[in-house]
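Here is the structure we will look at.
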Ligand code: 4AD
Ligand code: MG
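Residue numbers (my numbering): 1068 to 1511.
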């Protein structure tokens, strides 16, 4: 019977079979210490020349990094370390002796590793991140399920833009002209909310932005809840409850991985509701107090505009400055209409403001969530579509949602890779997804 390494503590002093790959091997005279990984973890083994046959000893001597092997032996507790186990090996079956493996245990450059991403994902750091990503996605699904949200899968080929026309990937679509890769499932989720009350989408979304920052990929996963009879405040309440649940769950079940990544877990434990809420205006005040300018690209280079002008969107340095003095996610709400998408409802108290909210993660991670109350008035929505220069005809179906039983409704979108980056404390988003797609990379 094969046993997975992460379950080995159930088999102490029993004979086990482990099917995996050689991660590393060290020899000391008549002993060899192979480390074997099987996908669930890595375990140290002990091979003693006087305990095993000559063939077994020779087979171990031949092994190269990443050779695939099946070993048999006795699972034992580490003599000194708590919660650590070893295998005293008595047999080995070699499945394949691997060719010289390109990724050794020394440091490699990032481009070298990205070219070999299909192999790089075998490393302990990458598997820790991918396990945490899995836990995050499972916790999201569990939270949504327990709260009564219906998973509502939005299409990826779409006829219309959702988040502005400048970041659309297009493709030819048979005789129907151009189709676009979805920037967000939101518009479809809105139709789902009118059918099912509370829904969410979870899938890949695309932005054709030539952004080479550590926060942008061209294909990212987004989770988007949408609720009928729900306003901006309800949405902020949901965001708090949801983020707290997912983060506390990851800490509970993926502590080892977080520790392996040297994540300061205390900072995550602190993410409990309520979260601070400030308006865009207050955020601008914070920037002005710190004398953070707007950075504007001009022909002469970069210009700095002081004080930070009201009505401008925030970039990464602004987000960092705004959250600097907060140790929880910060919700910034009520944005100037010109900074936000066409579908956002205007604040009834101030038509210059959109009822939108951005959630900025602490520790410099910046925006992880964008959400809003949606415009539910047919005439206003038509005006917005015209103002934004969008083609009315492809939004006819969307306008129907305001024609047939329109209700106040709201939702948000969480960028999965931004969230994984924050939870794992990654310097760059490219490690937060198995195969990151960036403007300069599409392979492997
Ligand atoms: O703020 P965004 O553009 O909002 C929407 O798409 C709304 N339709 C969501 C909604 O209300 N249903 O994107 C939402 C989130 C961002 O906060 C960010 O976390 C992530 O998606 N995101 C990206 N992540 C990685 N790379 C990119 N290029 C991203 N663009 C957005
Ligand atoms: Mg946004």
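Each residue gets a CB set at the ideal place from its N, CA and C atoms; glycine is no exception. Since the structure is predicted, the reported quantities are computational estimates derived from the model, not experimental observations.
Counted within 10 angstroms of its Cβ, other Cβ atoms place residue i as buried (16 or more) or exposed
i            : result
residue 1279 : exposed
residue 1517 : Since the first residue shown for the chain is 1068 and the last is 1511, residue 1517 is missing from the structure and cannot be characterised.
residue 1497 : buried
residue 1495 : exposed
residue 1016 : Residue 1016 lies beyond the range of the chain shown here (1068 to 1511); nothing can be said about it.
residue 1254 : buried
residue 1394 : exposed
residue 1247 : buried
residue 1187 : buried
residue 1162 : exposed
residue 1136 : buried
residue 1524 : Summary: the structure shown does not reach residue 1524, with the chain confined to residues 1068 through 1511, and so no result is reported for it.
residue 1241 : exposed
Other residues of its chain near residue i: CB distance less than 8 angstroms, five sequence neighbours each side excluded
i            : result
residue 1417 : 1401
residue 1143 : 1079, 1080, 1152, 1153, 1154 and 1155
residue 1330 : 1490, 1491 and 1492
residue 1439 : 1299, 1302, 1407, 1408, 1410, 1411, 1412, 1421, 1422, 1423, 1424, 1477, 1478 and 1479
residue 1513 : Residue 1513 lies beyond the residue range present for the chain, which begins at 1068 and ends at 1511; the question has no answer from this structure.
residue 1230 : 1250, 1251, 1274 and 1408
residue 1100 : 1092, 1093, 1094, 1111, 1112, 1113 and 1114
residue 1470 : 1445
residue 1285 : 1236, 1273, 1274, 1275, 1276, 1504, 1505 and 1506
Neighbourhood of residue i by C-beta distance below 6 angstroms, restricted to the same chain and skipping five residues each side
i            : result
residue 1485 : 1435
residue 1108 : 1072 and 1073
residue 1373 : 1360
residue 1321 : 1199 and 1202
residue 1069 : 1084 and 1086
residue 1264 : 1295
residue 1339 : 1311
Heavy atom of the ligand MG within 7 angstroms of residue i beta-carbon
i            : result
residue 1434 : yes
residue 1082 : no
residue 1182 : no
Nearest-angstrom Cα separation, counted from residue j out to residue i
i            : j            : result
residue 1397 : residue 1342 : 6 angstroms
residue 1354 : residue 1348 : 10 angstroms
residue 1319 : residue 1335 : 11 angstroms
residue 1363 : residue 1371 : 6 angstroms
residue 1443 : residue 1390 : 32 angstroms
residue 1515 : residue 1211 : The chain is shown only over 1068 to 1511; residue 1515 falls outside these bounds and no answer can be derived.
residue 1260 : residue 1290 : 15 angstroms
residue 1332 : residue 1326 : 8 angstroms
residue 1387 : residue 1407 : 20 angstroms
residue 1283 : residue 1235 : 15 angstroms
residue 1217 : residue 1205 : 15 angstroms
residue 1380 : residue 1250 : 19 angstroms
residue 1258 : residue 1226 : 16 angstroms
residue 1119 : residue 1157 : 6 angstroms
residue 1481 : residue 1103 : 37 angstroms
residue 1123 : residue 1166 : 20 angstroms
residue 1314 : residue 1094 : 42 angstroms
residue 1304 : residue 1487 : 22 angstroms
residue 1369 : residue 1383 : 16 angstroms
residue 1262 : residue 1461 : 21 angstroms
residue 1192 : residue 1455 : 44 angstroms
residue 1096 : residue 1077 : 31 angstroms
residue 1356 : residue 1245 : 47 angstroms
residue 1178 : residue 1209 : 36 angstroms
residue 1317 : residue 1147 : 29 angstroms
residue 1288 : residue 1140 : 42 angstroms
residue 1507 : residue 1277 : 9 angstroms
residue 1502 : residue 1415 : 44 angstroms
residue 1082 : residue 1483 : 41 angstroms
residue 1025 : residue 1297 : A query on residue 1025 cannot be resolved here, the shown segment of the chain reaching from 1068 to 1511 and no further.
residue 1463 : residue 1267 : 22 angstroms
beta-carbon residue i near the ligand 4AD non-hydrogen atom, thresh 7 angstroms
i            : result
residue 1203 : no
residue 1233 : no
residue 1216 : no
residue 1253 : yes
residue 1480 : yes
residue 1274 : yes
residue 1283 : yes
residue 1229 : yes
residue 1289 : yes
residue 1485 : yes
residue 1154 : no
residue 1250 : yes
residue 1496 : yes
Close beta carbons around residue i, own chain, < 7 angstroms, minus the five adjacent residues each side
i            : result
residue 1351 : 1375 and 1377
residue 1324 : 1195, 1198 and 1199
Neighbour flag for residue i against chain B, beta carbons, 8 angstroms
i            : result
residue 1257 : Note that chain B does not occur in the displayed structure, where there is just one protein chain.
Check: residue i C-beta below 7 angstroms from any heavy atom of the ligand SAH
i            : result
residue 1437 : Among the ligands present in this structure, namely the ligand 4AD and the ligand MG, the ligand SAH is not found.
When you compare the stretch 1166-1178 with the stretch 1124-1132, are there three or more beta-carbon pairs, one atom per stretch, that lie closer than 8 angstroms?
Yes: the two stretches touch, three or more of their Cβ pairs being nearer than 8 angstroms.
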